[in-house]
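Residue numbers (the working numbering): 78 to 555.
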Amino acid sequence: MSDKYDVIVIGGGPAGYVAAIRAAQLGMKVACVERWINKEGKPALGGTCLNVGCIPSKALLESSEQYEEIAHHAGDHGISVDGVQMDTSAMVARKDKIVSELTGGIAALFKANKIDWLQGTGTLLADKQVSVTPLEEGDATVYQADNVILATGSVPFELPSAPLTDDRIVDNEGALNWETIPKRLGIIGAGVIGLELGSVWRRLGSEVVVLEAMDDFLGTADKQIARTAQRELSKQGLDIRLGSRITNTQINDDELIMEYTDKDGEQTLAVDRMIVSVGRRAYTESVVAEDVGLQMDERGRIDVNDHCETNIPGVYAVGDVVRGPMLAHKGSEEGVAVAERIAGQQPHIDYDNCPWVIYTQPEIAWVGKTEEELKEAGVSYRAGSFTFAANGRAKAMNQASGMVKVIADEASDRVVGVHIVGPMASELIGQAVIAMESENTSEDLARTIFAHPSLSESIHEAALAVDGRAIHAMNRRR
Ligand code: NAI
Numbered sequence: 078m079s080d081k082y083d084v085i086v087i088g089g090g091p092a093g094y095v096a097a098i099r100a101a102q103l104g105m106k107v108a109c110v111e112r113w114i115n116k117e118g119k120p121a122l123g124g125t126c127l128n129v130g131c132i133p134s135k136a137l138l139e140s141s142e143q144y145e146e147i148a149h150h151a152g153d154h155g156i157s158v159d160g161v162q163m164d165t166s167a168m169v170a171r172k173d174k175i176v177s178e179l180t181g182g183i184a185a186l187f188k189a190n191k192i193d194w195l196q197g198t199g200t201l202l203a204d205k206q207v208s209v210t211p212l213e214e215g216d217a218t219v220y221q222a223d224n225v226i227l228a229t230g231s232v233p234f235e236l237p238s239a240p241l242t243d244d245r246i247v248d249n250e251g252a253l254n255w256e257t258i259p260k261r262l263g264i265i266g267a268g269v270i271g272l273e274l275g276s277v278w279r280r281l282g283s284e285v286v287v288l289e290a291m292d293d294f295l296g297t298a299d300k301q302i303a304r305t306a307q308r309e310l311s312k313q314g315l316d317i318r319l320g321s322r323i324t325n326t327q328i329n330d331d332e333l334i335m336e337y338t339d340k341d342g343e344q345t346l347a348v349d350r351m352i353v354s355v356g357r358r359a360y361t362e363s364v365v366a367e368d369v370g371l372q373m374d375e376r377g378r379i380d381v382n383d384h385c386e387t388n389i390p391g392v393y394a395v396g397d398v399v400r401g402p403m404l405a406h407k408g409s410e411e412g413v414a415v416a417e418r419i420a421g422q423q424p425h426i427d428y429d430n431c432p433w434v435i436y437t438q439p440e441i442a443w444v445g446k447t448e449e450e451l452k453e454a455g456v457s458y459r460a461g462s463f464t465f466a467a468n469g470r471a472k473a474m475n476q477a478s479g480m481v482k483v484i485a486d487e488a489s490d491r492v493v494g495v496h497i498v499g500p501m502a503s504e505l506i507g508q509a510v511i512a513m514e515s516e517n518t519s520e521d522l523a524r525t526i527f528a529h530p531s532l533s534e535s536i537h538e539a540a541l542a543v544d545g546r547a548i549h550a551m552n553r554r555r
């Protein structure tokens with residue numbers, strides 16, 4: 078038996094590493110087990126989000142946006158540019174540099190907080206012992222902990238009708254490293270990953286077709302926002318085919334044939350490469366020894382209560398491996414809350430005010446309830462919206478498409494939902510989260526001074542529109 082810890086965290090992604098740092102801040106002796114090996118063959122912290130998810134995809138989104146702006150829209154500003162070229166290897170190298178700086182930053186934070194990074198595969202044994210199997214050969218070491226936090230994340234669902242191959246049929250990870258631009262790209266799943274990566278490769282010149290099994294586009298978003306987003310993305314050339322279910326993929330030497338069914342029957346589509354992005358599942362393989370008796374839920378996730386406690390006292394689970402949305406910031410909040418609970422505090426997570434963001438252009442972001450959810454729950458509400466077409470800053474930015482919608486409870490006027498499709502929606506939504514966290518009414522937002530000209534004024538105007546008094550719009554009579 079080796080060292081004893083107050084807390085051992087298994088998994089060093091945004092749920093696990095944040096839990097480790099917060100626990101160390103609170104004076105505990107902490108270790109974090111992580112086995113990730115990066116592209117250079119070196120161990121890395123940060124999990125899916127930093128290595129092959131949120132961060133690298135944002136790097137590529139930014140590069141592809143800049144390329145599209147310069148190649149196609151510079152003229153709008155009176156700038157003429159000739160011979161614009163895209164060097165995808167340089168783009169990928171830039172992305173890799175950002176990833177390595179950020180993952181290196183986590184390693185530095187671990188050092189500063191005196192957190193032991195145990196490199197290897199962690200398995201929870203009985204009596205809150207954790208075995209760590211080293212990355213290369215060698216025997217496992219067993220450590221004792223007073224508390225264990227499981228934060229092993231998620232992995233992509235695979236589709237038997239589109240098995241991953243070499244670099245031609247890939248998941249999110251493979252699609253971050255292509256150094257040539259596919260002429261024809263097929264994507265399965267018009268979810269967050271499909272839309273973000275589809276946008277990257279379309280901007281770089283691929284013809285992109287997205288097959289989505291559901292008949293509704295972005296079924297969990299507010300319908301009006303989803304319709305607006307679909308219109309904008311289609312205008313850009315993303316060919317989104319709803320109600321289309323893949324049945325088989327023929328892998329030929331020179332092309333891939335996607336076979337799928339839609340309302341008109343059986344269809345085929347020839348492409349050069351494919352991305353499979355049909356959701357993710359909790360990763361629990363070899364995380365817990367069988368005799369531990371850890372309870373799972375009906376969907377194969379680790380079963381936890383509102384405080385992220387499992388059925389075993391002193392064992393917690395956070396992030397993608399438990400119920401709730403698979404979002405990095407949700408996992409991080411759970412990590413902080415669990416560390417504080419272990420330290421004897423009474424933290425609270427407001428899951429109702431968790432923002433969602435899809436980094437397309439325009440961006441899509443929301444927090445709280447949609448109109449459809451409120452209708453179904455029989456809650457009376459008032460909604461006000463404002464379009465970016467009437468926002469001076471958005472026009473100056475050449476990004477005046479989309480809208481903001483503020484929804485307030487009819488009786489109390491409390492803001493219960495804010496939905497945005499438009500420029501910098503990922504940043505704007507933070508204002509809505511703060512307003513809702515502070516239990517603001519739409520009148521509070523309406524009476525707040527917003528800087529002019531700014532994109533944020535659209536939130537102000539939408540809040541004014543709840544009461545039919547937006548200034549720069551024709552208000553509907555109430
Ligand atoms: P997703 O759940 O967002 O979307 C998957 C889509 O695939 C759904 O629309 C589903 O109806 C469709 N689908 C499922 N089976 C299909 C089939 N056989 N044929 C056609 N369509 C099919 O999952 P995605 O995009 O893979 O992302 C995984 C997770 O990662 C999500 O939970 C997401 O929240 C998270 N993520 C979050 C990001 C962000 O916050 N910006 C960025 C990337 C991922």
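For every residue, glycine included, the Cβ atom is placed at its ideal position computed from N, Cα and C.
Since the model is a prediction, treat every value here as computed from it, not as a measurement.
query	result
In terms of residues, what are the limits of the beta strand (DSSP E) holding N224?	218-227
Are L212 and G199 close, meaning C-beta to C-beta below 7 Å?	no
I need the DSSP call for F465, collapsed to helix, strand or coil.	helix
Taking DSSP as the reference, what is the three-state secondary structure of C126?	helix
Report yes if the C-beta distance between F463 and A523 is below 7 Å; otherwise report no.	no
Taking all protein chains shown into account, decide if I302 is buried (16 or more other Cβ within 10 angstroms of its Cβ) or exposed.	buried
Using only CA atoms, which one of V355, G314, E289 lies nearest to V247?	V355
Does the beta-carbon of S354, which I'm using as the reference point, lie nearer than 6 Å to any heavy atom of the ligand NAI?	yes
Pull up the CB-CB distance for L281 and I258, whole angstroms please, since I reckon it's below 8 Å.	5 Å
Taking just the CA atoms, how far does T437 sit from M351?	19 Å
Report yes if the C-beta of L288 is less than 6 Å from at least one heavy atom of the ligand NAI; otherwise report no.	yes
Measure the alpha-carbon distance for R318 versus M291 and round it to whole angstroms.	10 Å
According to the Cβ coordinates, are V492 and S519 closer than 7 Å?	yes
Using the Cα positions of V369 and E386, report the straight-line distance between them to the nearest angstrom.	15 Å
L371 to G469, Cα distance in whole Å?	56 Å
Given that a residue counts as buried once 16 or more other Cβ atoms are within 10 Å of its Cβ, and exposed if not, what is H537?	buried
Please confirm whether E448 and D299 have their CB atoms less than 7 Å apart.	yes
If we count the other Cβ atoms within 10 Å of its Cβ and call it buried at 16 or more, is A136 buried or exposed?	buried
Roughly how many angstroms lie between the CA atoms of E336 and A347, to the nearest whole one?	9 Å
Can we say the region 214-233 touches the region 85-95, given the rule of at least three CB pairs closer than 8 Å?	yes
Helix, strand or coil for H537 per DSSP?	helix
Beta-carbon separation of F527 and E534 under 7 Å?	yes
Quick one: measure Cβ to Cβ for I506 and A442, integer angstroms, because I've assumed they're closer than 8 Å.	4 Å
Distance cutoff 7 Å, beta carbons only. Does A170 sit that close to anything in chain C?	Of the chains in the structure shown, none is chain C; there is only one protein chain.
Starting from the Cα of T361, find the closest Cα among E410, G377, V353 and give me that residue.	G377
For the ligand NAI, any of its heavy atoms closer than 6 Å to the Cβ of M403?	yes
In whole angstroms, what is the alpha-carbon distance linking K119 and K407?	28 Å
Name the residue from F465, Y144, D173 whose alpha carbon lies nearest to the alpha carbon of A121.	D173
Is M351 near the ligand NAI - that is, is its Cβ less than 6 Å away from at least one heavy atom of it?	no
Pick from A92, R322, S283: whose alpha carbon is nearest that of E145?	S283
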